[in-house]
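Here the structure is laid out as structure tokens; the discussion comes afterwards.
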Amino acid sequence: MVAKTVIVTLSGTHGTGKSTNAGRCYYLLNSSGHRFSYLRHQDILDPFGFIVRRAAKVLRILPNDLDRTRPVRVLWALYIIFVYCPILVGGIKIRTLLGYSTVCDRYIYDTLVGFRDNGVHVPLENLVVQLVPKADVSFLLDAPEDRILANRPEHSEGFIRKEKWLYNDIAEQFHLTRITTTDPPRIVWEKMLHEIDKVLNGRQAHQQVIGRQK
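Numbering (this note's numbering), first residue to last: 2 to 215.
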């Protein structure tokens, strides 16, 4: 039985396998006897993002251009403070009270990168970073540009290169643990579980789970 609950997050550029590895991490941890819940961070942001995209279509402008306007920035600030933060903080708090740790597919770090990629910062960024629960283990998934472009051909080299640069900056700022997904899946999961086990103060689950993959 795990003595405490933890928050594990997976972040990274498009095409690095965040969702796939978050799901696998969640499965392996639970199959080893830990109690982990799964949180799709993007689902909290998508409702307002959808509204912005629809409004941009009606106004016949690019969503990124609309996002940079002052009225939409104000609306984003209200949404983040009164919807995003309560759902994220409350959701993790409820899981903790029920004795569950949390695996997050994306987290606040991805939100910071998303806004910075558009040339702006998250509204009330310093406050939001303070309000969001601090993760116990945060992974930055990375892969070579050619592999990312093969997985996501809809993106340009310039887009991926800029996104990787922004994520590297975030990794240094928040001390994220870098994981390359060019390694075989078993090695990727082994590295992640090793870091999680260090926080959970034990290696038994790590040894059991990896043993099943042989």
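We put the beta carbon where it would ideally sit given N, CA and C, even for glycine.
Its Cα nearest to that of R187, the residue T21 stands out among V130, T70, N119, T21. Taking a 10 Å sphere around the C-beta of I197, we find 16 or more other C-beta atoms and assign the residue as buried. Cα atoms of Y168 and P145: separation of roughly 14 Å, rounded to the nearest angstrom. Contact annotation: the stretch 123–136 does not touch the stretch 54–61, with fewer than three C-beta pairs closer than 8 Å.
Residue pairing by DSSP puts F140 in a beta bridge opposite L11, T178. In this structure, T6 and S157 do not form a Cβ contact; the two beta carbons are roughly 41 Å apart against a cut-off of 8 Å. Residue nearest to G100 within the set I52, N31, V189 is N31 (criterion: CA-CA distance).
Taking 8 Å as the cut-off, the Cβ atoms of I180 and I161 do not count as close. Secondary-structure assignment with DSSP links L40 through a beta bridge to C105. For A136, the closest alpha carbon among the candidates C105, K163, D143, T112 is that of C105. Counting the other CB atoms within 10 Å of its CB gives A23 a total of 16 or more, which places it among the buried residues. Per the coordinates, the alpha-carbon of R74 lies some 13 Å from the alpha-carbon of I52. Closest in alpha carbon position to P185, among G18, P87, V123, I88, is G18. Rounded to the nearest whole angstrom, the CA to CA distance from T97 to R25 is 21 Å.
Approximately 19 Å separates the beta-carbon atoms of P48 and I93; this is outside 8 Å, ruling out the contact. When secondary structure is reduced to three states using DSSP, V123 falls in the coil class, being assigned neither helix nor strand. Under the three-state reduction of DSSP, S32 is assigned to helix. Annotation: V138 to V114 spans about 18 Å, alpha carbon to alpha carbon.
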